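Here my numbering runs 3 ahead of the position in the sequence shown, where the first position is 1. For each residue, glycine too, the CB sits at the ideal point set by N, CA and C. Just so we're clear, the structure is a prediction, and the values are computed from it rather than from any experiment. All remarks here apply to the structure that follows.
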Amino acid sequence: MLVVRSEGPGDTQALGGVLADLLRPGDLVLLVGDVGAGKTTLVRAVAAALGVTGPVTSPTFTLANRYDARVPLLHIDAYRLGSPDDEELGLLLDDADRHVTFIEWPQALGDHASAPRIAVAIEHQGGDRRLITLSSPAADVDLEQLGDDLRARHVDAQPGPGAGAG
Ligand SMILES: Nc1ncnc2c1ncn2[C@@H]1O[C@H](COP(=O)(O)OP(=O)(O)OP(=O)(O)O)[C@@H](O)[C@H]1O
Ligand SMILES: [Mg+2]
């Protein structure tokens, strides 16, 4: 577990930049956090780091957006999704092994969103401050290295409880 203290959008963007280095096709990243927490801001920064040059917009109304990049991205926002076995979602996720897939509001999806490579939770801390917690069940996701990379960029990142277990 890694706990990142983001003092503003720039810190969250820095996290996206270093997170991009960890992501491979087939990876699923879940993003939990209230409205305006910064989930899309983080995805946008990952997309930029992976070479997406056009605008990255919130898929709140479109359900999903795709972006071609070094690693193609699938960005899903399940906020408005009716039910977990929504047909469109099933079709989207059939294709997920070619992409890095980000899902905002995964709580609605049940089993569809049960095995992320990385889970991200963003909490408001007042003003522009956010507490961002990353965890991963995957042994090869090096959150310690991620923390080192962030501190090198002057972003506060500390191992959380249960650090050794990812
Ligand atoms: N530390 C921070 N990290 C990220 N965003 C921040 C931070 N401080 C302020 N912001 C601002 O908060 C807003 C976050 O919006 P964003 O669309 O990324 O949120 P979201 O979590 O995707 O919301 P939604 O659930 O509505 O999709 C942006 O306007 C961003 O500039
Ligand atoms: Mg969003």
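- With a beta-carbon spacing of about 5 Å, L34 and V123 fall inside the 8 Å limit used to define contacts.
- For G13 and G20, the gap between their C-alpha atoms comes out near 10 Å.
- The Cβ neighbour count for D71, taken over all protein chains shown within 10 Å, is under 16; the residue is labelled exposed.
- A48: member of the alpha helix (DSSP H) spanning K42 to A52, first to last residue.
- Sorted by position in the chain, K42, T43, S61, T63, D80 and E107 make up the residues whose C-beta lies under 7 Å from a heavy atom of ligand 2.
- Non-local C-beta neighbours of Q128 in its own chain, meaning closer than 6 Å and more than five positions away in sequence, comprise L134, ordered along the chain.
- Collapsing the DSSP output to three states places G20 in a helix.
- One Cα belongs to V46, the other to E147, and the distance between them is close to 21 Å.
- For P62, the closest of T44, V6, I121 and R156 by C-alpha to C-alpha distance is T44.
- The nearest non-hydrogen atom of ligand 1 is 7 Å or more from the C-beta of V32.
- Distances from the CB of A51 to the heavy atoms of ligand 1 are all 7 Å or more.
- Between L84 and L95 the beta-carbon gap is near 11 Å, outside 8 Å, which marks them as no contact.
- Partner residues in the beta bridge of E126, as assigned by DSSP, are L134.
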